[in-house]
Each structure stands twice: as structure tokens, then as C-alpha cells.
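Residue numbers (the numbering used here): 760 to 1014.
Using N, Cα and C, we set each Cβ at its ideal position, and we do this for glycine too.
Report on the structure given below.
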């Protein structure tokens, strides 16, 4: 049989092993926690750095974060068909239920409607401008607001899309026609229009012209014929959206 001293040695050795194991286990737990904390702090730091870089880039690059897919998706929600007894066109939501379009879209009508969440909704005519061919209507509820981008910052030959309901007012979603920004063109009304070769047809009037960053203009007109013998194709005009919004603001402020 083991002696008393031997048993005491076994006990001390077992206690020592347990102490070493517990110390090791505690070290692993504490060390893991410290490491996890360091990693978390480092990730937060990197995220902050990335956000700062994006914010800095946005200040110097107005196109930072622009995405055509996202802009197309948001425009589908903020473009609305405008109907009346004799014609139809397209409108742009600018907030608080207000929709702007061309005056010639609502001209000759007395009852104006749009489609909200798949259902027909009445529109109230608030004000028109014959000089600028603009009209403001009001929906019975707030609507998604379009994202805007300065038309003046368009680059020649960059891709743009005309959005609206050409020819047919019945489809739920608007149609998109693709083109490029051709140039700026000042017409007889002394307005510097965005010229594009994106197809613009009856029903597109008053609707948005977009690039990857948002709405850059309001589709207003097209040239189909230069004279009786010469047809024209791909010559459409949109009023720069910053000018449209400036005029609309003045219209809302005056009685």
C-alpha cells in the first residue's frame, strides 16, 4: 500500500495539474475575449474609415454611389401616368403628394387621374404655367419621391433613359427607352434643353429622363419633321430638372 507521504504527493500533483489546466482554460477564455474585442474594435475602425472615404468621395464626386439598377427601380415607383378625357402623359412625384408634368398633358381636360397601388385615384390641378409648359397636380396621399441629379452635370454621350407611358396608358409599369445625352440645345423659348436620341412619344410628355444617378430632366418634346420632305429621328428634348424644380417652387409660392 502507498504510504501517507506518497498519497499526499499524488494529491499535490493532482491539484497542480488541475491548477495548470484551469489556468490554461482561463487564459484561453480571457485571451479569446481580448482577441475578439481587438478584432471587433478593428472592424469598427475599418468601417468608420470606409464611411469617411465614401463621404469624402461624395463631396468631390457627385456620382459616387450612383447605380443604374437602383435608379431604374426607384423611378418606377415615382413616375405616374396622368390621364384625362382627351390624352395622357406622365408625371414626376416631388413629395407631399405633388406630381409635376407638362401643361400640354392636362390641357383640354377637366378630370385628371393617376394610378396608385394599382387603383385609379383622382388628381387635383393646382397650378399651370403656359410660359414653361408645366403643371402641378396633387394626389390624395403622399407618394414616393424621385431622386434628382443635376442635368448640367451630364457628360456628352452618356446613357440616359426616357420613362413614361408612350401610346398606351393601360400598363401598370412605365416603359423605358434608351438613348444618350446628345448635347444641350437652346430652342425658340430660350430654354437650354437636354437633347437626347432616346425615343420620346405621345404619353412620354412630363415624364422623367434619368441617368444612373437620378432624374435629370422632364421629357417635353421631340422633332419628327424638319420640313415636308425631311423626317427627323432621335431628336428629343427634356427640360433640365433643376430648372423645372426652380420654376415649380416659384409657382407654388405665388397665388
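What does a CB cutoff of less than 8 Å around residue i pick up in its chain, not counting 5 residues either side in sequence?
{"i": "residue 1006", "result": "888, 891 and 893"}
{"i": "residue 844", "result": "867, 868, 869 and 870"}
{"i": "residue 999", "result": "909, 910, 911, 951, 952, 953, 975 and 976"}
{"i": "residue 855", "result": "901"}
Name, in chain order, the residues that DSSP records as bridge partners for residue i.
{"i": "residue 981", "result": "995"}
{"i": "residue 967", "result": "977"}
{"i": "residue 943", "result": "953"}
{"i": "residue 923", "result": "934"}
For residue i, count neighbouring Cβ atoms within 10 angstroms of its own Cβ and tell me buried if that reaches 16, exposed if not.
{"i": "residue 992", "result": "exposed"}
{"i": "residue 979", "result": "buried"}
{"i": "residue 914", "result": "exposed"}
{"i": "residue 850", "result": "buried"}
{"i": "residue 841", "result": "buried"}
{"i": "residue 873", "result": "buried"}
{"i": "residue 916", "result": "exposed"}
{"i": "residue 799", "result": "exposed"}
{"i": "residue 946", "result": "exposed"}
{"i": "residue 925", "result": "buried"}
{"i": "residue 853", "result": "buried"}
{"i": "residue 834", "result": "buried"}
{"i": "residue 804", "result": "exposed"}
{"i": "residue 824", "result": "exposed"}
{"i": "residue 788", "result": "exposed"}
{"i": "residue 878", "result": "exposed"}
{"i": "residue 860", "result": "buried"}
{"i": "residue 931", "result": "exposed"}
{"i": "residue 933", "result": "buried"}
{"i": "residue 881", "result": "exposed"}
Which of the three DSSP states, helix, strand or coil, is assigned to residue i?
{"i": "residue 808", "result": "helix"}
{"i": "residue 989", "result": "strand"}
{"i": "residue 954", "result": "strand"}
{"i": "residue 938", "result": "strand"}
{"i": "residue 828", "result": "helix"}
{"i": "residue 842", "result": "strand"}
{"i": "residue 918", "result": "strand"}
{"i": "residue 962", "result": "coil"}
{"i": "residue 929", "result": "coil"}
{"i": "residue 1013", "result": "coil"}
{"i": "residue 913", "result": "coil"}
Here's a check: name, in chain order, each residue in its chain whose Cβ is nearer than 6 Å to the Cβ of residue i, leaving out the five neighbours to either side.
{"i": "residue 942", "result": "954"}
{"i": "residue 921", "result": "936, 957, 959, 963, 968 and 978"}
{"i": "residue 1002", "result": "none"}
Is any non-hydrogen atom of the ligand SAH found closer than 6 Å to the C-beta of residue i, if you look at the structure I gave you?
{"i": "residue 903", "result": "Looking at this structure, you won't find the ligand SAH or any other ligand, since it has none at all."}
Can you list, in chain order, the residues of its chain with a C-beta nearer than 7 Å to that of residue i? Leave out the 5 residues immediately preceding and following it.
{"i": "residue 885", "result": "895, 896 and 897"}
{"i": "residue 821", "result": "912"}
{"i": "residue 972", "result": "822, 825, 830 and 908"}
Please decide whether residue i counts as near chain C, where near means a Cβ-Cβ distance under 7 Å.
{"i": "residue 979", "result": "Note that chain C does not occur in the displayed structure, where there is just one protein chain."}
Exercise for the section: Starting from the N-terminal side, write out each stretch of the beta strand (DSSP E) that is 3 residues or longer and does not extend beyond the stretch 844-906. Expected result: Here the runs fully enclosed are 847-854, 857-861, 871-875, 878-888 and 893-897.
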